[in-house]
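Asker:
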């Protein structure tokens, strides 16, 4: 029996247990950097497979599976543990038991999948050479991102992986399929906070005031030229403002207006340059209209770069394991993901796991109260991750 067939056999055997693991994690969600019970459950589940783990970043875990000749090569596999502050609307047996907290981004799937893949790899450890590092990180959903903390605490050392591989649920893609994209894939994400200051007063006497609402309106429009006239058309860039707060009234011009938005791109040099251009334009425009502004741009996650060679090998492995018809090309994605921190340090591959089933009504997107998956995807997930890992060790 070849490696792919052996892994498929084990994935089929372990899939029911993986479903139960996923349901337990889904029913007991914890918010970012509060994943104490989740980490304890993961640790216990690893131990049941004979795998010891160590705590990192307080609520994260790292473990290794050593094959023959473990020093030959090391690769890492990553999952995230945290849930979101969302009230679940699904009426299922494994519905969240924690009111207002829900695994609405599939991190329960990622964690259960890595546990299932680890079980397969642990069983096959006498058949491969090298070491597989398992990374269960906290806080993907909350700045500064658990990945950045894990890296600072040495997750990419002792042993140092030559590459890292992660996956993420993709409700736009049917269960049984996966997607890959080489090169730049996901955007950096920075938060912008602007306070436009003027001089408030009666709305019937505008000549006595410096209207921060009018200044803000001009500013929001003017800032779009950062994208349309300064960004190269070759670099994906988004500047959006989603919150404007002017605490005036129909007859009251306020003293200040608060504006909040996001800046996203896929080039770190342009990212830094754009920040300076945003600040300069905002300060200059506000001053020219008689007001002033305070602007704070909080650096979020960097952009995610899929290493072309690693991603090419992973895709080839997926085609071999699942068949070419079940592997698709992904478009650029302007969402952000803290796996990007790993991709800035070592060759990385972040691929997508199809979880959709239209016939069963499983179509909701991530970060929604009705998000769920076709659990048939879990058999695909654990088998493919194990197979990609072994193929990469042999590359």
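Numbering (full-length UniProt numbering), first residue to last: 1 to 395. Glycine included, C-beta positions come from ideal geometry on N, C-alpha and C. As the structure is a computational prediction, the values presented were derived from the model and not from experiment.
Quick check on the burial criterion: 16 or more other C-beta atoms within 10 angstroms. Buried or exposed for residue 261?
Answerer: The residue labelled residue 261 in the question sits at position 261 within the chain shown. Label assigned to residue 261: buried.
Asker: Can the beta-carbon of residue 311 be found less than 7 Å from the beta-carbon of residue 182?
Answerer: The residue labelled residue 311 in the question sits at position 311 within the chain shown. The residue labelled residue 182 in the question sits at position 182 within the chain shown. Yes, the Cβ-Cβ distance between residue 311 and residue 182 is below 7 Å.
Asker: When we look at the beta-carbon of residue 40 and count the other beta-carbons within 10 Å, is it buried (16 or more) or exposed?
Answerer: For the purposes of this step, residue 40 is taken as the residue at position 40 of the chain shown. By the 10 Å Cβ count, residue 40 comes out exposed.
Asker: Do residue 177 and residue 306 count as a contact pair if the criterion is CB distance below 7 Å?
Answerer: Translated into positions along the chain shown, residue 306 becomes position 306. Translated into positions along the chain shown, residue 177 becomes position 177. Going by C-beta atoms, residue 306 is not nearer than 7 Å to residue 177.
Asker: Closest by CA to residue 82, which one among 96, 69, 66 and 103?
Answerer: The residue labelled residue 82 in the question sits at position 82 within the chain shown. Among 96, 69, 66 and 103, the Cα nearest to that of residue 82 is on 103.
Asker: Would you list, in sequence order, the uninterrupted beta strand (DSSP E) runs of no fewer than 3 residues that lie entirely inside the segment 196–265?
Answerer: 237–245 and 256–265
Asker: Do the segment 246–253 and the segment 198–214 make contact, defined as three or more Cβ pairs closer than 8 Å?
Answerer: Yes, the segment 246–253 is in contact with the segment 198–214.
Asker: Buried or exposed for residue 323, going by 16 or more other Cβ atoms inside 10 Å?
Answerer: As a working mapping, residue 323 is identified with position 323 in the chain shown. Exposed, because fewer than 16 other Cβ atoms sit within 10 Å of the Cβ of residue 323.
Asker: In three-state DSSP terms, what is residue 128?
Answerer: Position 128 of the chain shown holds residue 128. Of the three classes helix, strand and coil, the one that applies to residue 128 here is coil, per DSSP.
Asker: Using three-state DSSP, classify residue 163 as helix, strand or coil.
Answerer: Numbered from 1 along the chain shown, position 163 holds the residue referred to as residue 163. Reduced to three states, the DSSP call for residue 163 is strand.
Asker: Once DSSP output is grouped into helix, strand and coil, what is the label at residue 273?
Answerer: Translated into positions along the chain shown, residue 273 becomes position 273. Three-state result, residue 273: helix.
Asker: Please classify residue 354: does DSSP put it in a helix, a strand, or coil?
Answerer: Looking up residue 354 in the chain shown gives position 354. Strand.
Asker: Where does residue 21 fall in DSSP's three states?
Answerer: Along the chain shown, one-based indexing puts residue 21 at 21. Three-state DSSP puts residue 21 in a helix.
Asker: Select from 132, 339, 52 and 290 the residue whose C-alpha is nearest the C-alpha of residue 184.
Answerer: To locate residue 184, count along the chain shown from 1; it is residue 184. Checked all of 132, 339, 52 and 290; the closest Cα to residue 184 is 339.
Asker: From residue 10 to residue 94, what does the alpha carbon distance come to, in whole angstroms?
Answerer: Here the question's residue 10 lines up with position 10 in the chain shown. Here the question's residue 94 lines up with position 94 in the chain shown. Taking the straight line from one Cα to the other gives about 25 Å.
Asker: Go ahead and label residue 53 buried or exposed: buried means 16 or more other beta carbons lie within 10 angstroms of its beta carbon, across all protein chains shown.
Answerer: Reading the chain shown from its first residue, position 53 is the one you call residue 53. With 16 or more Cβ atoms within 10 Å of its Cβ, residue 53 is classed as buried.
Asker: Please confirm whether residue 347 and residue 163 have their CB atoms less than 7 Å apart.
Answerer: Taking the chain shown and counting its residues from 1, the one referred to as residue 347 is at position 347. Taking the chain shown and counting its residues from 1, the one referred to as residue 163 is at position 163. Yes, these two residues count as a Cβ contact at 7 Å.
Asker: From which residue to which residue does the beta strand (DSSP E) around residue 61 run?
Answerer: Here residue 61 is taken as the residue at index 61 of the chain shown, counted from 1. Taken as a continuous stretch (DSSP letters only), the beta strand (DSSP E) holding residue 61 covers 60–66.
Asker: Since residue 370 is in the alpha helix (DSSP H), which residue starts that stretch and which ends it?
Answerer: The count along the chain shown starts at 1 and reaches residue 370 at position 370. Annotation for residue 370: no alpha helix (DSSP H) segment contains it, and DSSP assigns it neither H nor E.
Asker: Less than 7 Å separating the beta-carbons of residue 7 and residue 120?
Answerer: Stepping through the chain shown from its first residue, residue 7 is reached at position 7. Stepping through the chain shown from its first residue, residue 120 is reached at position 120. In contact: residue 7 and residue 120 (Cβ atoms closer than 7 Å).
Asker: Does the beta carbon of residue 149 fall short of 6 Å from some heavy atom of the ligand ZN?
Answerer: Summarising the ligand content, the structure contains no ligands, and the ligand ZN is consequently not present.
Asker: In three-state DSSP terms, what is residue 179?
Answerer: Against the chain shown, residue 179 aligns to sequence position 179. If DSSP states are grouped into helix, strand and coil, residue 179 belongs with the strands.
Asker: Three or more beta-carbon pairs under 8 Å between the segment 296–305 and the segment 358–377, yes or no?
Answerer: no
Asker: Would you be able to state if there are at least three C-beta pairs under 8 Å between the segment 372–389 and the segment 344–359?
Answerer: yes
Asker: Straight-line CA distance for residue 203 to residue 220?
Answerer: Walking along the chain shown from the start, residue 203 turns up at place 203. Walking along the chain shown from the start, residue 220 turns up at place 220. Cα to Cα, the separation comes out at about 22 Å.
Asker: Mark residue 85 as exposed unless 16 or more other C-beta atoms lie within 10 angstroms of its C-beta, in which case mark it buried.
Answerer: Your numbering for residue 85 matches position 85 in the chain shown. Result: exposed.
Asker: Assuming residue 110 and residue 167 form a contact by the criterion Cβ under 8 Å, report the distance between their Cβ atoms to the nearest whole angstrom.
Answerer: Locating residue 110 in the chain shown gives position 110, where the first residue counts as 1. Locating residue 167 in the chain shown gives position 167, where the first residue counts as 1. Their Cβ separation, rounded to whole angstroms, is 7 Å, which keeps residue 110 and residue 167 in contact under 8 Å.
Asker: Quick check: the Cα distance between residue 206 and residue 290, rounded to an integer number of angstroms?
Answerer: By one-based count along the chain shown, residue 206 stands at place 206. By one-based count along the chain shown, residue 290 stands at place 290. The straight-line gap from Cα to Cα measures roughly 13 Å.
Asker: Go ahead and label residue 108 buried or exposed: buried means 16 or more other beta carbons lie within 10 angstroms of its beta carbon, across all protein chains shown.
Answerer: By one-based count along the chain shown, residue 108 stands at place 108. Under a 10 Å Cβ-count criterion, residue 108 is classified as buried, with 16 or more other Cβ atoms of the shown protein chains found around its own Cβ.
Asker: Buried or exposed, going by whether 16 or more other CB atoms sit within 10 Å of the CB of residue 381?
Answerer: Here residue 381 is taken as the residue at index 381 of the chain shown, counted from 1. Residue 381 comes out buried.
Asker: Which residues mark the beginning and the end of the alpha helix (DSSP H) in which residue 390 is found?
Answerer: Locating residue 390 in the chain shown gives position 390, counting from the first residue. 377–393 is the extent of the alpha helix (DSSP H) around residue 390.
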